[in-house]
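S.K.: For reference, the structure I am asking about is given below.
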Amino acid sequence: MNRTLHPVTETPLRFWHRDAVVARHHIPPDRTLLDLLREDLRLTATKEGCAAGDCGACTVVVAEAVNGRLQYRTVNSCIKPAHAMDGLALWTAADLAQADGTLHPVQQAMVACHGSQCGFCTPGFVMSLFALYQRTVAQGQAVDRHRAHEALSGNLCRCTGYRPIVQAACSLQADAAQAVDETPIVAALHQLAAYPQTTGDYLRPSTLHALLQARAQHPQAQLIAGATDAGLWITQGLRRMPQIIDLTRVAELRRVERYPQHIAIGAAVNLQDAFEALAADRPVIAPFGERFAGWPVRQSGTLGGNVANGSPIGDSMPLLIALGAQLVLMASRKGRVVHRHVPLDQFYTGYRQSLLAPDEVLAWVAVPRPAPGEWLGAYKVSKRQEDDISAVCLAVQLHVQDGHITAARIGAGGVAATPARAVQTEAALIGQPWNEATLAAAQQAIAQEFSPLSDLRASADYRRTILGQLLRRAWLESTGYKTIRLEALA
Ligand SMILES: Cc1cc2nc3c(=O)[nH]c(=O)nc-3n(C[C@H](O)[C@H](O)[C@H](O)COP(=O)(O)OP(=O)(O)OC[C@H]3O[C@@H](n4cnc5c(N)ncnc54)[C@H](O)[C@@H]3O)c2cc1C
Ligand code: FES
Ligand code: FES
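If you read the sequence shown in the working numbering, its first letter stands for residue 94, the second for the next number, and so on.
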């Protein structure tokens, strides 16, 4: 779709592609990277399937220079504003083969393993394999099935089937002749990094102070982070965004800071890194985090965006509510930076509504470190294992002493207008012996506590039943049944 009817922006766009810096002017702030590639630059190897971040046909690879090396990640170009590429390096499926036609190892592996039939999904799969190649194979690491599944988790194929493609991923071998020469790219990206954008129609501040000022000066502008929600408002909702503030370059908000009592996760930390940081303290979070969307969405989408967007079926919030997370909200008022702390379980005021004021930004998510004796279970039920949104999500934090529950916090998703804390169910647990009778009382309490809706993901009855069954699972796991976890069986 041609979207050139916007008022023109003066914010220039520069990124590295095919051994050169591409500079473009007058790119509207809400023009997607896919439209830039296909329509403006006529690079049509990248396909449009769903235009919603779901299918992966539009996957490209971007890299950022960090400590003198390139960090590669996959991006759904259909929902990513083109301006988000500024200062980064970009590869599409047309950039991998050599000039004489010699295929890149990931393309060769797809041919050898018969990984393509109609071919529509293939450019996207090839790009996910290229990112996997650069992140593992080029670093001397082998690709096992788990890594292959993770890397391909954002790509759907309707005709070949996944076995040959996973086989292609697992067969990847390094080829020194085709290694990316990072030195000139890193040098070019350093030059481009000298241009933070604090004026124009696509603002990309690089400090927290500049972000808060931009928010105060342009209250009408659309704030975005990874755009994995906001990008769909452009492509599916046909919403226009004449001015955008992109917070993903704000250095302070890209940090994870560890303190004795809590971890502070900056709002611009992507979901992959955020879940890894949380899993370092609580390993049970790792498989839960891997159920969040697929690789491209986890590497673009942020924890701050998930919390601020406030979808009732968002995955991180039930977990963070169970962990007792607090939010740090910040604003610049009359030239002074002000901040306040809000417990996450009190943040939402209604369907996609929250306490966040128009001039405020969610800056940090503060998560308490585990206290001795904590038990945690986090569960997501969705139709697909990967790349799908929850029907129901439940996170349960318990402290059990001498067979009695001394503390309980439960977060639930998909069962109310907002992510919710199950306070009545907690009350049914606290002080009770952790046995089948208490479980039955808690199951009854949770069935009465929420009135879920029926929709395309699940019926209200199913959701209510699943809530009780997930509590049973928590009871079984917390009392020693390990083999009911798929990961344990694997
Ligand atoms: C294919 C696909 C699969 C998905 N799967 C899942 C899933 O499994 N589970 C799930 O929970 N979600 C899922 N999502 C939704 C989405 O990825 C998440 O909600 C993500 O965390 C949003 O983060 P973002 O950085 O992309 O936010 P954006 O899209 O950039 O922003 C979303 C909203 O939050 C606001 N916002 C962002 N950051 C801040 C901030 N720091 N302060 C104030 N406001 C802010 C923006 O203004 C905007 O209103 C999926 C999306 C797609 C496209
Ligand atoms: S076109 Fe389907 S994810 Fe982009
Ligand atoms: S090869 Fe046809 S959709 Fe994958």
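Heads up, the beta-carbon is just placed ideally off N, CA and C, and yes, glycines get one too.
(1) If you draw a straight line from the C-alpha of P121 to the C-alpha of A145, how long is it?
(2) In its own chain, which residues sit with a C-beta less than 7 Å from the C-beta of P436, not counting the 5 before and 5 after it?
(3) I'd like to confirm the pairing. Which residues does DSSP put opposite D339 in its beta bridges?
(4) Under 7 Å Cβ to Cβ from P526, same chain only, skipping five residues before and after it: list those, please.
(5) Please find out if some non-hydrogen atom of ligand 3 comes closer than 7 Å to the beta-carbon of S483.
(6) Going by alpha carbons, who is nearest to V155 out of D193, F223 and G208?
(7) Please classify E383 as buried or exposed, where buried requires at least 16 other C-beta atoms within 10 Å of its C-beta.
(8) Straight-line CA distance for T321 to S393?
(9) My understanding is that W457 touches I358, with C-beta atoms under 8 Å, so please give their C-beta distance in whole angstroms.
(10) Compute the minimum distance between the beta carbon of A144 and the heavy atoms of ligand 2, and state whether it is under 7 Å.
(11) Is it buried or exposed for C211, if we count other Cβ within 10 angstroms and need 16 for buried?
(12) L183 to T300, Cα distance in whole Å?
(13) What does the Cβ neighbour count give for T102, buried or exposed, with the cut at 16 atoms within 10 Å?
(14) Would you mind working out which of I338, R228, A269 and A202 sits nearest R256, comparing C-alpha positions?
(15) For Q537, name the three-state secondary structure that DSSP assigns.
(16) I327 by DSSP, collapsed to three states: which one?
(17) To the nearest angstrom, how far is the alpha carbon of Y76 from that of A509?
(18) So, helix, strand or coil for Q478, using DSSP?
(19) What are the boundary residues of the alpha helix (DSSP H) that V153 is part of?
(20) Look at L532 and A471 and say whether their C-beta atoms are less than 8 Å apart.
(21) Compare the Cα-Cα distances from I317 to each of P353, A303, A361 and T328 and report the closest residue.
(22) CB of R256 to nearest heavy atom of ligand 3: below 7 Å?
(23) Tell me the residue span of the beta strand (DSSP E) that contains M203.
(24) N402 by DSSP, collapsed to three states: which one?
(25) With DSSP as the reference, identify every bridge partner of I503, one or two as the case may be.
(26) So, under 8 Å CB-CB, G149 and N248 are touching, yes? Tell me the CB distance rounded to an integer number of Å.
(27) Do T152 and S221 have their C-beta atoms closer together than 8 Å?
(28) What do you reckon, are the CB atoms on A534 and L560 nearer than 8 Å?
(29) Taking just the CA atoms, how far does Q562 sit from E479?
(30) What residue range is occupied by the uninterrupted alpha helix (DSSP H) comprising T276?
(31) Roughly how many angstroms separate the alpha carbons of K473 and I378, rounded to a whole number?
(32) Compare the Cα-Cα distances from I406 to each of R391, H283, R445 and P389 and report the closest residue.
(33) Is E519 near A501, with beta carbons less than 8 Å apart?
(34) Taking T328 as the reference, which of G507, R566, P174 and A113 has the closest Cα?
M.R.: Working from what's here:
(1) Taking the straight line joining both Cα atoms gives about 19 Å.
(2) Excluding sequence neighbours, P436 sits near Q419.
(3) Per the DSSP secondary-structure output, D339 pairs in a beta bridge with I317.
(4) Excluding residues within five positions, the ones whose Cβ falls inside 7 Å are G496 and H497.
(5) No, since every heavy atom of ligand 3 falls outside the 7 Å radius drawn around the Cβ of S483.
(6) Cα-wise, what sits closest to V155 is F223.
(7) Answer is buried; the Cβ neighbour count reaches 16.
(8) Whole-angstrom Cα-Cα distance: 7 Å.
(9) So it is a contact: roughly 7 Å between Cβ atoms.
(10) True, at least one ligand heavy atom lies under 7 Å from that Cβ.
(11) The residue is exposed, with fewer than 16 neighbouring Cβ atoms inside 10 Å.
(12) Distance between the alpha carbons of L183 and T300: 24 Å.
(13) Because the pLDDT at T102 is just 48, under 50, the model does not fix this residue reliably, and the point stays unresolved.
(14) That would be A202, whose Cα lies nearest to the Cα of R256.
(15) If DSSP states are grouped into helix, strand and coil, Q537 belongs with the helices.
(16) The answer is helix: DSSP assigns I327 an H, G or I state.
(17) Residue 76 cannot be examined here, being either before or after the span of the chain that is shown, 94 to 583.
(18) Reduced to three states, the DSSP call for Q478 is coil.
(19) No alpha helix (DSSP H) contains V153, which is instead part of the beta strand (DSSP E) from T152 to V159.
(20) Pairing L532 with A471 gives a Cβ-Cβ distance that is not under 8 Å.
(21) If we check each option's Cα against that of I317, A361 comes out closest.
(22) Here the distance from the Cβ of R256 to the nearest heavy atom of ligand 3 is not below 7 Å.
(23) Run containing M203: none in the beta strand (DSSP E); it sits in the alpha helix (DSSP H), P198 to A205.
(24) DSSP, read as helix, strand or coil, puts N402 in helix.
(25) DSSP output for I503 lists V489 as bridge partner(s).
(26) Sure, about 3 Å apart at Cβ, within 8 Å.
(27) Contact flag set, yes.
(28) Taking 8 Å as the Cβ cut-off, A534 and L560 do not qualify as a contacting pair.
(29) Straight-line spacing of the CA atoms in E479 and Q562 works out to 21 Å.
(30) For T276, the enclosing alpha helix (DSSP H) starts and ends at E275 to L285.
(31) Each residue's Cα considered, the two are about 11 Å apart.
(32) Proximity to I406 across R391, H283, R445 and P389 peaks at R445, based on C-alpha coordinates.
(33) Yes; because the gap between Cβ atoms is below 8 Å, this pair is in contact.
(34) If we check each option's Cα against that of T328, P174 comes out closest.
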